[in-house]
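Student: Here it is, the structure, as structure tokens.
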Ligand code: SF4
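Pasting the structure below:
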């Protein structure tokens with residue numbers, strides 16, 4: 001797994017954002033910190049906030065990374081850097097809050113009650129992003145801080161016309177008053193990843209742990225449609241909604257025709273799902289029929305669909321082209337047998353925390 005947090009010591013006493021540089025090529029910025037020393041133990045960078053020593057990763061692997069430096073606050077406490085935007089990665093995602101107003105049965109990142117406002121740091125990081133980056137935003141629920149979120153997006157995309165955002169949101173907080181704002185041209189470079197688990201309101205509400213969530217989501221969809229927002233619909237495959245998938249496909253194809261793409265996602269073995277694995281996980285190798293019916297219906301109605309977190313060899317051949325390399329590089333693994341697979345480049349592999357015995361059992365190199 002690629003480490004996103006590294007031990008560090010900084011001269012500064014307050015957190016700051018900087019871009020680490022080992023070479024003087026590409027556009028320079030006053031927030032850059034330059035490599036001044038490298039040894040077997042780590043590397044030292046110097047910038048306008050002073051010296052910064054980082055352990056654990058060779059300097060060359062950090063070149064171009066935009067990091068949040070959390071200095072040693074008290075004697076004896078350890079400092080660290082958080083790699084907010086890794087250079088060359090297509091999987092950079094910024095966590096804006098750990099609070100959420102839903103409690104999904106399979107939540108991969110169970111919410112916390114407290115919120116630490118990091119918007120100023122995240123905005124500074126985005127302004128230093130590599131040209132042409134697509135930056136993910138996640139939570140918790142980002143729109144609990146909708147004003148801060150939309151303000152950050154507007155400022156960043158105005159200053160950086162080359163960037164785009166993909167925001168994961170439960171869409172419980174869009175209102176009629178947001179329509180004009182979301183119609184602004186900068187929001188053409190924002191797509192919203194919004195989960196919907198069933199067309200039956202009671203089932204969706206049960207999965208997300210919130211009464212009335214489906215009805216509120218329908219309201220938000222109406223506002224987003226009026227705003228001509230770009231929406232990626234997301235459905236995690238679960239034992240409770242497997243049989244309801246064909247109905248959901250019919251609902252999406254008739255009521256939500258404005259969505260750009262529908263992503264059907266396999267479950268992640270972490271967070272709440274870890275302890276509920278046996279009651280939630282669907283082995284799609286044995287029970288693909290409802291997924292196939294849903295995908296056929298989507299195709300028939302011109303709705304683009306894709307499969308996330310489905311290793312390609314586990315998907316029946318007629319649907320394999322829909323299984324994309326969805327798992328972020330830093331949390332992705334392949335099994336030993338994958339070494340000889342011709343489709344490895346296009347395959348998502350497995351989450352780092354997926355049980356090895358289960359993964360090994362299903363691997364069939366293509
Ligand atoms: S063998 Fe490995 S790389 Fe190939 S499709 Fe299966 S999981 Fe993916």
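Numbering (this note's numbering), first residue to last: 1 to 366.
No residue lacks a Cβ here, since even glycine has one placed at the ideal position from N, Cα and C.
Note that this is a predicted model, so its numbers are computed, not measured.
Considering only C-alpha positions, which residue in the set 205, 198 and 164 is nearest to residue 189?
Tutor: Out of 205, 198 and 164, 164 has the C-alpha closest to the C-alpha of residue 189.
Student: Using 8 Å as the Cβ pair cut-off and three pairs as the minimum, do the region 249-269 and the region 217-233 touch?
Tutor: Short answer: they touch.
Student: Is residue 281 near the ligand SF4 - that is, is its Cβ less than 8 Å away from at least one heavy atom of it?
Tutor: Checking every heavy atom of the ligand SF4 against the Cβ of residue 281, none is found closer than 8 Å.
Student: Could you check whether the Cβ of residue 334 sits closer than 8 Å to any heavy atom belonging to the ligand NAD?
Tutor: Because the ligand NAD does not appear in the structure shown, any question about it cannot be addressed here, the ligands present being the ligand SF4.
Student: Rounded to a whole number of angstroms, what is the C-alpha to C-alpha distance between residue 40 and residue 51?
Tutor: Going from the Cα of residue 40 to the Cα of residue 51 covers about 18 Å.
Student: Are the CB atoms of residue 66 and residue 36 within a distance shorter than 9 Å?
Tutor: Their beta carbons are not under 9 Å apart, which means residue 36 does not touch residue 66 by this criterion.
Student: Considering only the alpha carbon of each residue, which of 102, 109 and 125 lies closest to residue 143?
Tutor: Closest by alpha carbon: 102.
Student: Ordered along the chain, which non-local residues of its own chain (more than five positions away) have a Cβ less than 6 Å from that of residue 348?
Tutor: Correct list, in chain order: 309, 325, 326 and 327.
Student: Shortest alpha-carbon distance to residue 365 belongs to which of 314, 357, 139 and 235?
Tutor: Among 314, 357, 139 and 235, the Cα nearest to that of residue 365 is on 314.
Student: Is the CB-CB distance between residue 62 and residue 43 below 9 Å?
Tutor: Yes, Cβ-Cβ distance for residue 62 and residue 43 is below 9 Å.
Student: If you draw a straight line from the alpha carbon of residue 345 to that of residue 290, how long is it in whole angstroms?
Tutor: Cα to Cα, the separation comes out at about 27 Å.
Student: By alpha-carbon positions, which one of 147, 275 and 119 ends up nearest to residue 182?
Tutor: Ranking the options by Cα distance to residue 182, first place goes to 147.
Student: How would you call residue 152, buried or exposed, if buried means at least 16 neighbouring beta carbons within 10 angstroms?
Tutor: With 16 or more Cβ atoms within 10 Å of its Cβ, residue 152 is classed as buried.
Student: Tell whether a beta-carbon distance below 9 Å holds between residue 94 and residue 138.
Tutor: Taking 9 Å as the Cβ cut-off, residue 94 and residue 138 qualify as a contacting pair.
Student: Tell me the rounded alpha-carbon separation between residue 34 and residue 170.
Tutor: When rounded, the distance between both Cα atoms is 40 Å.
Student: Please work out which residues of its chain come closer than 8 Å, Cβ to Cβ, to residue 338, disregarding the five sequence neighbours upstream and downstream, and give them in chain order.
Tutor: Here the set comprises 344, 347, 349, 363 and 365.
Student: Please name the residue or residues paired with residue 333 in a DSSP beta bridge.
Tutor: Per DSSP, 350.
Student: Whose C-beta lies closer than 7 Å to the C-beta of residue 127 among residues of the same chain, with five residues either side of it excluded?
Tutor: Answer for residue 127: 156, 159 and 160, listed in chain order.
Student: Nearest CA to the CA of residue 135: which residue from 248, 296, 168 and 81?
Tutor: The shortest C-alpha separation from residue 135 is found at 168.
Student: Below 7 Å CB to CB, which residues in the same chain sit around residue 229 once its five sequence neighbours on both sides are set aside?
Tutor: So the list reads 182, 187 and 192, once near-sequence residues are dropped.
Student: Using the C-alpha atoms, what's the distance from residue 1 back to residue 15?
Tutor: Looking at the two C-alpha atoms, the distance is approximately 26 Å.
Student: Give, in chain order, every unbroken run of the beta strand (DSSP E) that is at least 3 residues long and sits entirely within the region 106-164.
Tutor: Segments of the beta strand (DSSP E) lying fully in the region 106-164: 134-138.
Student: Under 8 Å from any heavy atom of the ligand SF4, does the C-beta of residue 311 make it?
Tutor: The answer is yes for residue 311.
Student: Shortest alpha-carbon distance to residue 266 belongs to which of 354, 109 and 64?
Tutor: It is 354 whose Cα lies nearest to the Cα of residue 266.
Student: In whole angstroms, what is the alpha-carbon distance linking residue 213 and residue 203?
Tutor: Using only the alpha carbons, I get a separation of about 10 Å.
Student: DSSP three-state label for residue 360, please.
Tutor: If DSSP states are grouped into helix, strand and coil, residue 360 belongs with the helices.
Student: Going by beta-carbon coordinates alone, are residue 194 and residue 106 separated by less than 9 Å?
Tutor: No, Cβ-Cβ distance for residue 194 and residue 106 is not below 9 Å.
Student: Which same chain residues end up closer than 8 Å to residue 247 when comparing Cβ atoms and leaving out the 5 residues on each side of it in sequence?
Tutor: Contacts found: 198, 199 and 200.
Student: Taking 8 Å as the cut-off, is the beta-carbon of residue 363 closer than that to any non-hydrogen atom of the ligand SF4?
Tutor: Flag set: Cβ of residue 363 near the ligand SF4.
Student: From this set, 154, 112 and 284, which residue's C-alpha is nearest residue 119's C-alpha?
Tutor: The residue with the shortest Cα to Cα distance from residue 119 is 154.
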